[in-house]
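Asks: Right, I'll just put the structure down here and ask away after.
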Amino acid sequence: MAEEKKKEIELEISGMHCATCAGTVEKGLSSTPGVIESRVNLATGKARVLYDPSQVSVKDLTGAVEKSGFSVRLEKVVIKVGGMTCAACVQTVQKALQTLDGVISADVNLVNERAYITYNPSLVDIREIRDAIHNAGYQFLGTDHDEIDESEKLRERELKQQLFKIIIGFGLSLVLMGMMYIPDHDMHLLSYVQLIITTPVLFWLGTPIFRAAFGALRNKTLNMDVMYAMGISVAYLASVLGTFSIILDMDTLFYETALMLTAFLSLGRYLEARAKGRTSSAITSLIGLQADSASVIRDGVEKDIPVQEVIPGDIIRMRPGGRIPVDGIVVSGSSYVDESMVTGEPLAVLREPGQEVIGGTLVTSGAFDYEATRVGSDTMLARIIRLVEEAQGSRPPVQRLADYAVTWFIPVVLLIAVLAFLYWYGIRGMDLRFSLQTLIAVLVVACPCALGLATPTAVTVGIGRGAELGILIRNGSVLEIADKITVALFDKTGTITRGKPVVTDVDSFTGNPRLLLSMAASLEFLSDHPISTAILAKAHQEGIEPAKVTSFQNISGSGLSGTISGGVVRLGTRDFIFSEGFSFTSDEEELVSRREREGKTTVLISRDDQILGLISIADQIKPEAEQAVRLLKEMGIRSGMVTGDNQITADAVASMVGITDVFARILPEGKEDQVVQMQNNGNVVAFIGDGINDAPALARADTGIAIGSGTDIAIESADVVLIRDSLIHIPAALQLARKVMGRIRLNLFWAFAYNIVLIPLAAGILYPVIMFRPEYGALAMAFSSVTVITLSLLLKQYTPPALMQEMKSGMHMNKEIDPICGMSVDPNTAQFSSTYEGKTYYFCNKGCKDTFDKNPAQYKQ
């Protein structure tokens, strides 16, 4: 093997604990085709690999380590990229990044102008990533960790400069056009004047286009900048050659066309950039909720410190009108807190000692002190921002259609442009001016930009809108899957029910209910099941203290056992108790069945060879559960319920909410199996849950929906997270997904329609009825992108019908609707309002009011 083909890199390995681990990694690397030699150092946790880059990539080496059961330390970064205008630009940047050793994946989003990069920091750094973007002809604008305000100011400044250039470009192009109508003008003299006017302005205005085109060609990529540069260059060079009578003559002067073409293309980019800036306003609004400082009490002294310096355990003092800086638990005082900006809950909620408060929410009345629990990137608001950013940067499968189209689009358009020129000039015998004009028009009218923007703009706006409504969609691909859901499987406890059960009946078969409750409380004291809380609360209410338990066992999903005062006590389901050979008398059977028919969960207790009785527990059904199931049915989605409860109790709960498919006595691990079984029957399944034992089912389902009040592990396993503990948000989330997918399809239709109609027109198919000048092509190209973006931006005003029904229901009577976000607002307690054309509008937060005040005519009702 030639020496120059060899390459050596160092990988930092995670998870190695012994020499065997190191040997496993080394073997995995060495067995990879293309690896010449690998050496793993357990002490440093690093592997040095000598390999042939023509046979194996760094990504393959990373995969080999992962297949061995270990992982390579990787980092993720979000880079802001400037200068991208179409889907081909995206491919150029992605290709430039993916050629870097150490870049594992690079996903570039045209809409929010971000590159989401996973890389090996020991092989590549931000400087090299920056250079790769610059060399591709685009701008490195820093990472998302940089100061947002500064980047926004820079963006605004650049847009203003761009607009100034465009005005100059249009102004001078009109001057050039006017020159053609000067009577008795000297063509030679006029052509020199036009050359002098056009040249500096053309390159001043068109530099971004030429730079990006050069970068694309250097990376062996064709993009729209190459097409535009070709169109402008053909017009300009033909004019120069005509001016000096080199090959061409005065009939080929296109100075005004070249300049106006550049101005129109720049105008299209300006309008596109303005519109794209609005697509990510949800993220900007969320980031704007973060407090800058906190009033912390340390050593008995209250002082203001930057929010970055707050640590868990700090006591923070809040006053009316203040924004809560970090998550925490109230320790003293109370206040109503407006959480609408984070949860979507329209009405302020009372927060008292022991209750949680969320960073970024607003104290409306009262004052309290609270203890910080989660700070920095661990706060709920930070997690929401992170989830939304990642989701907006993702690519749903439907994007593949546009990506595929873009790969052949530019070569085909180039071919059409050349064939159109040859046809008109060589076959039809038209003059050179007309033929060149046709070639230029085809080059500039073609617009893969609209194709590239169709999906990501809708995804970005739709996911941002979901975040405003308290619906976090974690990945763009979820939208496409959620659009096809046929079955929704609900967990019962904590999802359909409130998850806060209470003891309703203590039925003793021995005539001693206190003994029964004492035995149950003693075992449940060692358990963390929701039922244990109810039984212990009942025992405390009756003044019963738990007894000492030995030989305690917790049989997951079945029950508990232990020795109390020398007797073996068992507590749990009917199956669990009967497994020891017990049976009911007819009266006992009737009593248990009656409690179950009442929709209560029954827990049986036995001691040694005798059943002592049962404790009945009821969990209140959420008031909106029946409406949520009905809305899903109206959408063509069948609902089912999965629970560990017995069949009778499960049927009773299901009948109250309108669910017909009931799967009872399902152990925690059986929930995932139930999802798989439904999928094997040809269903697309959504699973809705909130607990740790729901995580496998949430992950296995086609779409996992976690109730936001649930556990972190359930939220991490889900595809959709509902911040508000409201089941109405389930049909709302699916309605939003359907709306976004419908908008994506509409966008793709218009993107294809523009190109299918305009490219033949530019090629002269309707000549002489329609003569399609290059300037018109540039204008049409700009409007194709703006149309797609505008259609996507309309999603900002969309409120799912399920939420509209909730707003119009009785609990929202005498409320006003926030015209920006659609939330219900009580005018008697609203802090934010504006008057426009004699009508008063009420807002749930300051961000909505500010948005309205900027352009009230757009939002007036």
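Yeah, the sequence shown ends on 844 if you go by my numbering, and it's all consecutive. From the three backbone atoms N, C-alpha and C, an ideal C-beta is built for every residue, glycine too. Keep in mind it's a predicted model, so treat the numbers as computed, not measured.
Identify, in the order they occur along the chain, each residue of the same chain with its Cβ nearer than 6 angstroms to the Cβ of Asp801, setting aside the five sequence neighbours on each side.
Replies: As a working note, residue 801 is residue 818 in the sequence shown. For Asp801, where only same-chain residues beyond five positions count, the Cβ hits under 6 angstroms are Val808, Phe826, Cys827, Cys831.
Asks: When the Cβ atoms of the stretch 539 to 557 are set against those of the stretch 576 to 596, are three or more pairs found closer than 8 angstroms?
Replies: Verdict: yes, contact present.
Asks: Quick check on Arg306: buried or exposed, where buried means 16 or more other Cβ atoms within 10 Å of its Cβ?
Replies: Counting from 1 along the sequence shown, the entry for residue 306 is found at position 323. By the 10 Å Cβ count, Arg306 comes out buried.
Asks: Assuming Ile341 and Leu364 make a contact with CB atoms under 8 angstroms, what is their CB distance in whole Å?
Replies: Taking the first residue of the sequence shown as position 1, residue 341 is located at position 358. Taking the first residue of the sequence shown as position 1, residue 364 is located at position 381. The Cβ separation is near 7 angstroms, so the contact holds.
Asks: Would a C-beta distance cut-off of 9 angstroms place Asp602 and Gly482 closer than the cut-off?
Replies: By one-based count along the sequence shown, residue 602 stands at place 619. By one-based count along the sequence shown, residue 482 stands at place 499. Yes, these two residues count as a Cβ contact at 9 angstroms.
Asks: Helix, strand or coil: which one does DSSP assign to Asn664?
Replies: Numbered from its first residue, the sequence shown carries residue 664 at position 681. It is coil, neither helix nor strand.
Asks: Classify Ile230 as buried or exposed, calling it buried when 16 or more other Cβ atoms lie within 10 Å of its own Cβ.
Replies: In the sequence shown, the residue the question calls residue 230 occupies position 247. So Ile230 counts as exposed.
Asks: Note down the Cα distance separating Gly526 from Leu499, rounded to an integer number of angstroms.
Replies: Walking along the sequence shown from the start, residue 526 turns up at place 543. Walking along the sequence shown from the start, residue 499 turns up at place 516. Those two C-alpha atoms are separated by around 14 angstroms.
Asks: Going by DSSP, what residue range makes up the alpha helix (DSSP H) through Asp631?
Replies: Mapped onto the sequence shown, residue 631 falls at position 648. Position check: residue 631 holds Ile in this sequence, whereas Asp was assumed. Where Ile631 is concerned, the enclosing alpha helix (DSSP H) stretches over 630 to 640.
Asks: Would you call Phe147 buried or exposed, if buried means 16 or more other Cβ atoms sit within 10 Å of its Cβ?
Replies: Locating residue 147 in the sequence shown gives position 164, counting from the first residue. Counting Cβ neighbours within 10 Å, Phe147 comes out exposed, since fewer than 16 surround it.
Asks: Whether or not the stretch 681 to 688 and the stretch 465 to 472 are in contact is what I'm after, with contact meaning three or more pairs of Cβ atoms, one per stretch, closer than 8 angstroms; do they touch?
Replies: In short, these stretches touch, since the Cβ pair count reaches three.
Asks: Could you please give the first and the last residue of the uninterrupted alpha helix (DSSP H) stretch that includes Tyr737?
Replies: The residue you call residue 737 lines up with position 754 of the sequence shown. Run containing Tyr737: 712 to 745, per the alpha helix (DSSP H) assignment.
Asks: May I ask you to report which of helix, strand or coil DSSP gives Pro191?
Replies: Locating residue 191 in the sequence shown gives position 208, where the first residue counts as 1. Three-state DSSP puts Pro191 in a helix.
Asks: What did DSSP end up calling Asn495 once you bin it into helix, strand or coil?
Replies: Within the sequence shown, numbered from 1, the residue matching residue 495 stands at position 512. Here Asn495 sits in coil by DSSP.
Asks: Hey, quick one: how far does the beta strand (DSSP E) through Glu689 stretch, first residue to last?
Replies: The residue labelled residue 689 in the question sits at position 706 within the sequence shown. Just to set this straight, residue 689 is Ala in the shown sequence, not Glu. Unbroken beta strand (DSSP E) run through Ala689: 686 to 690.
Asks: Would Tyr102 and Leu83 be called neighbours here (beta carbons separated by less than 9 angstroms)?
Replies: Within the sequence shown, the letter at position 119 stands for residue 102. Within the sequence shown, the letter at position 100 stands for residue 83. Contact flag set, yes.
Asks: Taking the alpha carbon of Glu579 as the point to measure from, which residue in Leu244, Thr632, Arg97 has its own alpha carbon closest?
Replies: Indexing the sequence shown from 1 puts residue 579 at position 596. Glu579 has its Cα closest to that of Thr632, out of Leu244, Thr632, Arg97.
Asks: If we ignore side chains and look at the alpha-carbon of each, how far apart do Phe153 and Ile112 end up?
Replies: Working through the sequence shown from its first residue, we reach residue 153 at position 170. Working through the sequence shown from its first residue, we reach residue 112 at position 129. Going from the Cα of Phe153 to the Cα of Ile112 covers about 37 angstroms.
Asks: Do you know offhand how far Ser622's Cα is from Gln718's?
Replies: Here residue 622 is taken as the residue at index 639 of the sequence shown, counted from 1. Here residue 718 is taken as the residue at index 735 of the sequence shown, counted from 1. Each residue's alpha carbon lies about 16 angstroms from the other.
Asks: For Gly349, which residues from the same chain have a beta carbon less than 8 angstroms from its beta carbon, with the 5 sequence-adjacent residues on both sides left out?
Replies: For the purposes of this step, residue 349 is taken as residue 366 along the sequence shown, with counting starting at 1. Counting only Cβ-Cβ distances below 8 angstroms, and skipping sequence neighbours, we find Pro303, Gly316, Ser317, Ser318, Tyr319.
Asks: Is the distance from the Cβ of Ile280 to the Cβ of Ala355 below 9 angstroms?
Replies: The residue you call residue 280 lines up with position 297 of the sequence shown. The residue you call residue 355 lines up with position 372 of the sequence shown. No. Outside cutoff.
Asks: For Tyr824, count the other beta carbons within 10 Å of its own beta carbon; 16 or more makes it buried, fewer makes it exposed. Which is it?
Replies: The residue given as residue 824 occupies position 841 in the sequence shown. Its Cβ being crowded by 16 or more others within 10 Å, Tyr824 is buried.
Asks: Can you give the Cα-Cα distance for Leu200 and Leu124, rounded to whole angstroms?
Replies: Reading the sequence shown from its first residue, position 217 is the one you call residue 200. Reading the sequence shown from its first residue, position 141 is the one you call residue 124. Whole-angstrom Cα-Cα distance: 22 angstroms.
Asks: So the beta strand (DSSP E) Ile62 belongs to, where does it begin and stop?
Replies: Within the sequence shown, numbered from 1, the residue matching residue 62 stands at position 79. Counting along the chain, the beta strand (DSSP E) containing Ile62 begins and ends at 58 to 65.
Asks: Would you call Gly596 buried or exposed, if buried means 16 or more other Cβ atoms sit within 10 Å of its Cβ?
Replies: Along the sequence shown, read from residue 1 onward, the residue named residue 596 stands at position 613. So Gly596 ends up on the buried side.
Asks: Locate the beta strand (DSSP E) running through Gln81, then write down its first and last residues.
Replies: Residue numbering aside, residue 81 sits at position 98 when the sequence shown is read from its first letter. Not the beta strand (DSSP E): Gln81 falls in the alpha helix (DSSP H), residues 70 to 81.
Asks: Out of Val659, Ile192, Met413, Thr480, which has the shortest C-alpha to C-alpha gap to Gln122?
Replies: Mapped onto the sequence shown, residue 122 falls at position 139. For the residues Val659, Ile192, Met413, Thr480, the minimum Cα distance to Gln122 belongs to Ile192.
Asks: Might you give, ordered along the chain, the residues of its own chain that have their beta carbon closer than 6 angstroms to the beta carbon of Ile423, omitting 5 neighbours on each side?
Replies: If you number the sequence shown from 1, residue 423 lands on position 440. Gly214, Val217, Ala218, Pro757.
Asks: With a Cβ-Cβ cutoff of 9 angstroms, do Met624 and Phe835 count as a contact?
Replies: Within the sequence shown, residue 624 is the residue found at index 641, counting from 1. Within the sequence shown, residue 835 is the residue found at index 852, counting from 1. Contact flag unset, no.
Asks: Let me know the secondary structure DSSP gives Ile753 once reduced to three states.
Replies: Along the sequence shown, read from residue 1 onward, the residue named residue 753 stands at position 770. Note: Ile753 maps to coil in three-state DSSP.
Asks: Taking a contact to mean a Cβ-Cβ separation below 9 angstroms, would you say Glu(-7) touches Tyr34 in this structure?
Replies: Numbered from its first residue, the sequence shown carries residue -7 at position 10. Numbered from its first residue, the sequence shown carries residue 34 at position 51. Taking 9 angstroms as the Cβ cut-off, Glu(-7) and Tyr34 do not qualify as a contacting pair.
Asks: List the whole-angstrom C-beta distance separating Val126 from Leu159, where the pair is believed to meet the contact cut-off of C-beta under 8 angstroms.
Replies: The residue given as residue 126 occupies position 143 in the sequence shown. The residue given as residue 159 occupies position 176 in the sequence shown. According to the sequence provided, residue 126 is Thr. The question's Val does not apply to it. In fact, because the Cβ distance is near 43 angstroms, the residues do not count as touching under 8 angstroms.
Asks: In whole angstroms, give me the CA-to-CA distance for Ala89 and Phe766.
Replies: As a first step, residue 89 must be located in the sequence shown, where it is residue number 106. As a first step, residue 766 must be located in the sequence shown, where it is residue number 783. The alpha-carbon atoms of Ala89 and Phe766 are separated by roughly 29 angstroms.
Asks: Ordered along the chain, which non-local residues of its own chain (more than five positions away) have a Cβ less than 8 angstroms from that of Arg557?
Replies: Position 574 of the sequence shown, counted from the first residue, corresponds to residue 557. The residues are Val575, Thr585, Leu587, Asn629.
Asks: Around the C-beta of His712, are 16 or more other C-beta atoms found within 10 angstroms, so that it is buried, or is it exposed?
Replies: Counting from one through the sequence shown, the residue named residue 712 turns up at place 729. So His712 ends up on the buried side.
Asks: Are the beta-carbon atoms of Ile116 and Leu80 separated by less than 9 angstroms?
Replies: Position 133 of the sequence shown holds residue 116. Position 97 of the sequence shown holds residue 80. Their beta carbons are under 9 angstroms apart, which means Ile116 touches Leu80 by this criterion.
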